[in-house]
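Per the working numbering, the sequence shown runs over residues 36 to 207.
Here's the structure we're looking at; comments come further down.
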Amino acid sequence: MSGAINNVAANIDEFVDSLTANYAVKANFALIDYKDITCENEQTVLIKNGHSNWFTDAGKFKDCVNSIYVDGGGDGPETALDGLAMASQLDFRKNANKFIILVTDADYKTNNNYGISSMEEMVSILADSRIVTSVITSDSYKMLYHNLYTDTNGVFGDINGNFSEELLKLAE
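In structure tokens, the structure reads:
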């Protein structure tokens, strides 16, 4: 599993570096570490930058991404809806273009702390909120998450490949 985790961190680092160096955007980053909330003692956590939900310093954000470790989650499906719902309720800047990138190596459960009944409902909330949502996962889950990234105008990236290039299409 460490090879996959290292690949995710390297691709996120590359994406952040390219986005901040090569595009005229004022990027703020948030980081949500979602777990399988159906397992004992696991919860979705917004990683704060001091008292802020946002990282304006790309280096500090990358350090936090690189410090996340994966453990727990007693079964295969995870509670990605919980992380997506939390992300959708962040305090985005008023006129900001809003993007969420879901990184997962698993199927999803509908369990969440926000009363969302299905992935379809989550997709509708994200689309209505004009939050472009991309999915980074294995090719075997591409169709499972298809509506999430297509109905919100996001992109798909293979978690085992060079997905930073796919994410940079969002900057275009």
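From the three backbone atoms N, C-alpha and C, an ideal C-beta is built for every residue, glycine too.
query: Is the beta carbon of Val158 closer than 8 Å to that of Thr19?; result: There is simply no residue 19 to check, as the chain begins at 36 and stops at 207 in what is shown.
query: With DSSP run on the structure shown, which of helix, strand or coil describes Gly189?; result: coil
query: Please check the pair Ser53 and Leu203, which I expect to be a contact at CB under 8 Å, by giving their CB distance rounded to whole angstroms.; result: 6 Å
query: Per DSSP, what kind of secondary structure is Val51 in: helix, strand or coil?; result: helix
query: Suppose the cutoff is 7 Å on Cβ atoms and the five residues either side in sequence are ignored; what does the same chain contact list for Tyr180 look like?; result: Val170, Thr172
query: Helix or strand or just coil, what does DSSP make of Val167?; result: strand
query: Spatial neighbours of Ile47 within its chain, please: CB distance less than 6 Å, with the 5 preceding and 5 following residues excluded, ordered by chain position.; result: Val100
query: For Ile40, does the three-state DSSP call read helix, strand or coil?; result: helix
query: Going by other Cβ atoms of all chains shown within 10 Å of its Cβ, with 16 needed for buried, is Gly192 buried or exposed?; result: buried
query: Can you give me the Cβ contacts of Asn195 inside the same chain, cut-off strictly under 7 Å, excluding the 5 residues immediately before and after it?; result: Ala39, Asn42, Ser173
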